[in-house]
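Peer 1: For reference, the structure I am asking about is given below.
Residue numbers (our numbering): 4 to 409.
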């Protein structure tokens, strides 16, 4: 999007006119899960913006945190960035506390529907902003935070179980504040319904099928040289470095995997746990690559390796895993969460038992002994059939229309 001079939103006397005032449907997206080096939610919102820009009957307003107040605007999409302090333990995320500015934005833009994409401050900002407007709201359940607190309830201590129970109470409270909750995998739909939420809708996430493509293998040698990667088989993780991702389990298992198969482990990304993970057992044999901002270079990285590893048991979907699948990579993943569902439906990988390092090792060795190119081709066909972004957003905007028509 084009970037005009920053605007002090809190001090504005007059906001710009609404975008596409005659549009059939306008959605306002608000989320704290949006930063310069964040992953899945940022990708989802930017892909939605591209979808809207190609359709004159739609408009989108983004409200996300930033280092400074500013407005960005381009072709049917307007982005308000509200100044917020960094969240100390969750960098690069920022707080969203601009109650007055959010209310003014909602009142001015008058969207057909509001989608809340995070669980902390944003839902309450929307709750306050909707008091004078009859605007339906949905909550996109991007983060399964009760499960992050206690990823394996059977072995969790009392404190974690109690905290997780409180988190589920909070989830139910937020579920009552919206007209529908959108979940990106059927496993999460079932979990939310079992927790007592009504009106849960399944809408999966998508992938840029043209960018994340096996054809990029043609320059694999060049990509490896640029990234400083060695020859031989490579397994890849791309994502946020955080405790709930179970990256330490993979690091601990991979020395044995490498000894038996020769496959090195490559980790791409940043996050609050990166430094501690680099000191964990097995980290010295891993190859650590910084967060890759360039999406084309990231696509090249997927196509230059042999296997993708997705260890997070609390993933609601796992967008990076879908990018890997679309790039022709089979996936090794934990048997919980959204990635496990994708692997089971596609048939393009293997599952290991959550928290079981020995089983992870055995499944990795077994998978690396299979025909990875053939499995990758199966995964690519699955991504093409089910997860193009246009297919996903056609479905999502259908949900929006059904809610606004009530």
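Ideal placement from N, C-alpha and C gives every residue a C-beta, glycine not left out.
Would you mind working out which of 337, 51 and 382 sits nearest residue 366, comparing C-alpha positions?
Peer 2: Translated into positions along the chain shown, residue 366 becomes position 363. Of 337, 51 and 382, the residue nearest in Cα terms is 337.
Peer 1: Going residue by residue through the stretch 198-238, where are the continuous beta strand (DSSP E) segments of at least 3 residues, counting only ones entirely within it?
Peer 2: Those beta strand (DSSP E) runs which fall completely within the stretch 198-238 and span 3+ residues are 203-205.
Peer 1: Tell me the rounded alpha-carbon separation between residue 323 and residue 130.
Peer 2: Your numbering for residue 323 matches position 320 in the chain shown. Your numbering for residue 130 matches position 127 in the chain shown. Their backbone Cα atoms lie some 31 Å apart in a straight line.
Peer 1: Select from 183, 311, 288 and 287 the residue whose C-alpha is nearest the C-alpha of residue 407.
Peer 2: Within the chain shown, numbered from 1, the residue matching residue 407 stands at position 404. It is 183 whose Cα lies nearest to the Cα of residue 407.
Peer 1: Could you check the C-alpha separation between residue 113 and residue 98 for me, to the nearest Å?
Peer 2: By one-based count along the chain shown, residue 113 stands at place 110. By one-based count along the chain shown, residue 98 stands at place 95. Distance between the alpha carbons of residue 113 and residue 98: 24 Å.
Peer 1: For the candidate residues 287, 87 and 116, whose alpha-carbon lies nearest to that of residue 32?
Peer 2: Position 29 of the chain shown holds residue 32. Of the candidates 287, 87 and 116, the one whose C-alpha sits nearest the C-alpha of residue 32 is 116.
Peer 1: In whole angstroms, what separates the C-alpha of residue 291 from that of residue 96?
Peer 2: Locating residue 291 in the chain shown gives position 288, where the first residue counts as 1. Locating residue 96 in the chain shown gives position 93, where the first residue counts as 1. Approximately 22 Å, taken between the alpha carbons.
Peer 1: Using a Cβ-Cβ cut-off of 7 Å (strictly less than) and excluding sequence neighbours within five positions of residue 353, which residues of its own chain qualify?
Peer 2: The residue you call residue 353 lines up with position 350 of the chain shown. The answer, listed in chain order, is 335, 366, 369 and 370.
Peer 1: If you draw a straight line from the alpha carbon of residue 395 to that of residue 75, how long is it in whole angstroms?
Peer 2: Taking the first residue of the chain shown as position 1, residue 395 is located at position 392. Taking the first residue of the chain shown as position 1, residue 75 is located at position 72. Computed Cα separation, rounded: 25 Å.
Peer 1: Can you name the start and end residues of the alpha helix (DSSP H) that residue 380 belongs to?
Peer 2: Locating residue 380 in the chain shown gives position 377, counting from the first residue. Its alpha helix (DSSP H) spans residues 375-389.
Peer 1: Hey, would you say the C-beta of residue 132 is under 6 Å away from at least one heavy atom of the ligand SAM?
Peer 2: Only the bare structure without any ligand can be found here, which leaves the ligand SAM out of the picture.
Peer 1: Going by DSSP, which residues form a beta bridge with residue 411?
Peer 2: Only positions 4 to 409 of the chain appear in this structure, which leaves residue 411 out of reach.
Peer 1: Please report the distance separating the alpha-carbon of residue 372 from that of residue 49.
Peer 2: Position 369 of the chain shown, counting from 1, holds the residue named residue 372. Position 46 of the chain shown, counting from 1, holds the residue named residue 49. The alpha-carbon atoms of residue 372 and residue 49 are separated by roughly 38 Å.
Peer 1: Look up residue 22 in the DSSP assignment and say whether it is helix, strand or coil.
Peer 2: Counting from one through the chain shown, the residue named residue 22 turns up at place 19. In the structure shown, residue 22 sits in coil (DSSP, three-state: anything other than H, G, I, E or B).
Peer 1: Since I believe residue 64 is in contact with residue 38 (beta carbons under 8 Å), could you give me their beta-carbon distance rounded to a whole number of angstroms?
Peer 2: Taking the chain shown and counting its residues from 1, the one referred to as residue 38 is at position 35. Taking the chain shown and counting its residues from 1, the one referred to as residue 64 is at position 61. With a Cβ gap of about 19 Å, residue 38 and residue 64 do not count as contacting.
Peer 1: Would residue 266 and residue 314 qualify as a contact pair, given that the criterion is a beta-carbon distance under 7 Å?
Peer 2: In the chain shown, residue 266 corresponds to position 263, counting from 1. In the chain shown, residue 314 corresponds to position 311, counting from 1. Result no, Cβ atoms of residue 266 and residue 314 do not sit closer than 7 Å.
Peer 1: Let's see if you can read the secondary structure: which residues bound the beta strand (DSSP E) around residue 63?
Peer 2: For the purposes of this step, residue 63 is identified with residue 60 of the chain shown, where counting begins at 1. Its beta strand (DSSP E) spans residues 61-69.
Peer 1: Determine the burial state of residue 224: buried for a count of at least 16 other Cβ atoms within 10 Å of its Cβ, exposed for fewer.
Peer 2: Along the chain shown, read from residue 1 onward, the residue named residue 224 stands at position 221. That one is exposed.
Peer 1: My assumption, with CB atoms under 8 Å, is that residue 258 sits in contact with residue 325. Please give the rounded CB distance.
Peer 2: Taking the first residue of the chain shown as 1, we reach residue 258 at position 255. Taking the first residue of the chain shown as 1, we reach residue 325 at position 322. No, residue 258 and residue 325 are not in contact; Cβ-Cβ is about 29 Å, not under 8 Å.
Peer 1: Beta-carbon separation of residue 351 and residue 381 under 7 Å?
Peer 2: Within the chain shown, the letter at position 348 stands for residue 351. Within the chain shown, the letter at position 378 stands for residue 381. For residue 351 and residue 381, yes; Cβs fall inside 7 Å.
Peer 1: For the beta strand (DSSP E) that contains residue 401, what are its first and last residues?
Peer 2: Counting from one through the chain shown, the residue named residue 401 turns up at place 398. Segment 392-407 is the alpha helix (DSSP H) holding residue 401; no beta strand (DSSP E) there.
Peer 1: Taking Cβ to Cβ, would you say residue 55 is nearer than 7 Å to residue 79?
Peer 2: For the purposes of this step, residue 55 is taken as residue 52 along the chain shown, with counting starting at 1. For the purposes of this step, residue 79 is taken as residue 76 along the chain shown, with counting starting at 1. Yes.
Peer 1: Tell me where the beta strand (DSSP E) around residue 318 begins and ends.
Peer 2: Taking the first residue of the chain shown as position 1, residue 318 is located at position 315. No beta strand (DSSP E) holds residue 318; DSSP gives it neither H nor E.
Peer 1: What span of residues does the alpha helix (DSSP H) with residue 148 cover, start to end?
Peer 2: In the chain shown, the residue the question calls residue 148 occupies position 145. Its alpha helix (DSSP H) spans residues 148-152.
Peer 1: From residue 92 to residue 319, what does the alpha carbon distance come to, in whole angstroms?
Peer 2: Here residue 92 refers to the residue found at position 89 of the chain shown. Here residue 319 refers to the residue found at position 316 of the chain shown. Their backbone Cα atoms lie some 21 Å apart in a straight line.
Peer 1: Short of 8 Å in beta carbon distance, which residues of its chain neighbour residue 151, apart from the five on each side in sequence? Order them along the chain.
Peer 2: Here residue 151 corresponds to residue number 148 of the chain shown, with the count starting at 1. These residues qualify, in order along the chain: 247 and 317.
Peer 1: Does residue 250 come out as helix, strand or coil in the three-state DSSP assignment?
Peer 2: Taking the first residue of the chain shown as 1, we reach residue 250 at position 247. Residue 250 falls in the helix class under three-state DSSP.
Peer 1: Once the 5 residues before and after residue 149 are set aside, which same chain residues still bring their CB inside 7 Å of it?
Peer 2: For this step, residue 149 is matched to residue 146 along the chain shown. The residues are 167, 170, 171 and 174.
Peer 1: Excluding the five sequence neighbours on either side, which residues of its own chain have a C-beta within less than 8 Å of the C-beta of residue 133, listed in chain order?
Peer 2: Looking up residue 133 in the chain shown gives position 130. So the list reads 109, 117 and 140, once near-sequence residues are dropped.
Peer 1: Under 8 Å, with one C-beta from each stretch per pair, do the stretch 280-297 and the stretch 211-219 reach the 3-pair mark?
Peer 2: In short, these stretches do not touch, since the Cβ pair count stays below three.
Peer 1: How big is the Cα-Cα spacing for residue 306 and residue 226?
Peer 2: Indexing the chain shown from 1 puts residue 306 at position 303. Indexing the chain shown from 1 puts residue 226 at position 223. Those two C-alpha atoms are separated by around 9 Å.
Peer 1: Is it buried or exposed for residue 161, if we count other Cβ within 10 angstroms and need 16 for buried?
Peer 2: Looking up residue 161 in the chain shown gives position 158. Counting Cβ neighbours within 10 Å, residue 161 comes out exposed, since fewer than 16 surround it.
Peer 1: Taking all protein chains shown into account, decide if residue 405 is buried (16 or more other Cβ within 10 angstroms of its Cβ) or exposed.
Peer 2: Sequence index remark: in the chain shown, residue 405 carries index 402 (1-based). It is exposed - the Cβ of residue 405 has fewer than 16 other Cβ atoms within 10 Å.
Peer 1: Going along the chain, which residues of its own chain have a beta-carbon closer than 6 Å to the beta-carbon of residue 277, five neighbours each way excluded?
Peer 2: Mapped onto the chain shown, residue 277 falls at position 274. Taken in chain order, the residues that qualify are 244.
Peer 1: Hey, residue 217 and residue 187: beta-carbon distance below 7 Å or not?
Peer 2: In the chain shown, residue 217 corresponds to position 214, counting from 1. In the chain shown, residue 187 corresponds to position 184, counting from 1. Against a cut-off of 7 Å, the Cβ pair of residue 187 and residue 217 comes out as no contact.
Peer 1: As a quick exercise: from 142, 123, 107 and 154, pick the residue whose alpha carbon is nearest that of residue 135.
Peer 2: Counted from its first residue, the chain shown places residue 135 at position 132. Here the closest residue by C-alpha is 107.
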